[in-house]
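Novice: Numbering (our numbering), first residue to last: 4 to 83.
Where a beta carbon is used, it is the ideal one built from N, C-alpha and C, also for glycine.
Note that the structure is predicted; figures quoted are calculated from it, not measured.
Dropping a structure here in structure tokens format, bear with me for questions.
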Amino acid sequence: MSEHYCPNCEEKSFTWSIDEEVSLNTVWNCSLCGFQAEENESLESVCESCGTKNNIHLKSSAHNFCYCTHCKKQTKSGEW
Ligand SMILES: [Zn+2]
Ligand SMILES: [Zn+2]
Numbered sequence: 004m005s006e007h008y009c010p011n012c013e014e015k016s017f018t019w020s021i022d023e024e025v026s027l028n029t030v031w032n033c034s035l036c037g038f039q040a041e042e043n044e045s046l047e048s049v050c051e052s053c054g055t056k057n058n059i060h061l062k063s064s065a066h067n068f069c070y071c072t073h074c075k076k077q078t079k080s081g082e083w
């Protein structure tokens, strides 16, 4: 499984998994800092900053935000 940059600690230790007993959404987890967030895959969009389709919509316990796993750009997102 490939590892991505974590939006919290910015280390390349962010991975995703699917466990339907926990959530129907993809769950992202950082093995380094323990940051965890759910992804809404129906809201995938193009990153405004780098133009790639790596902009994902995440929901952590603290807030909802969009995050680009390619250029690490974070933007605000509404509730979902
Ligand atoms: Zn982290
Ligand atoms: Zn980007």
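Relative to the C-alpha of Q39, which residue among N67, T78 and E51 is closest?
Specialist: Cα-wise, what sits closest to Q39 is N67.
Novice: I need the DSSP call for E82, collapsed to helix, strand or coil.
Specialist: Looking at E82 - three-state DSSP - the assignment turns out to be coil, as it is neither helix nor strand.
Novice: I need the boundaries of the beta strand (DSSP E) containing H66, first residue and last residue.
Specialist: First-last for H66: undefined, no H or E at that position.
Novice: With DSSP as the reference, identify every bridge partner of E41, one or two as the case may be.
Specialist: V30 and K62.
Novice: Does the beta carbon of K76 fall short of 6 Å from some heavy atom of ligand 2?
Specialist: K76 Cβ: within cutoff of ligand 2.
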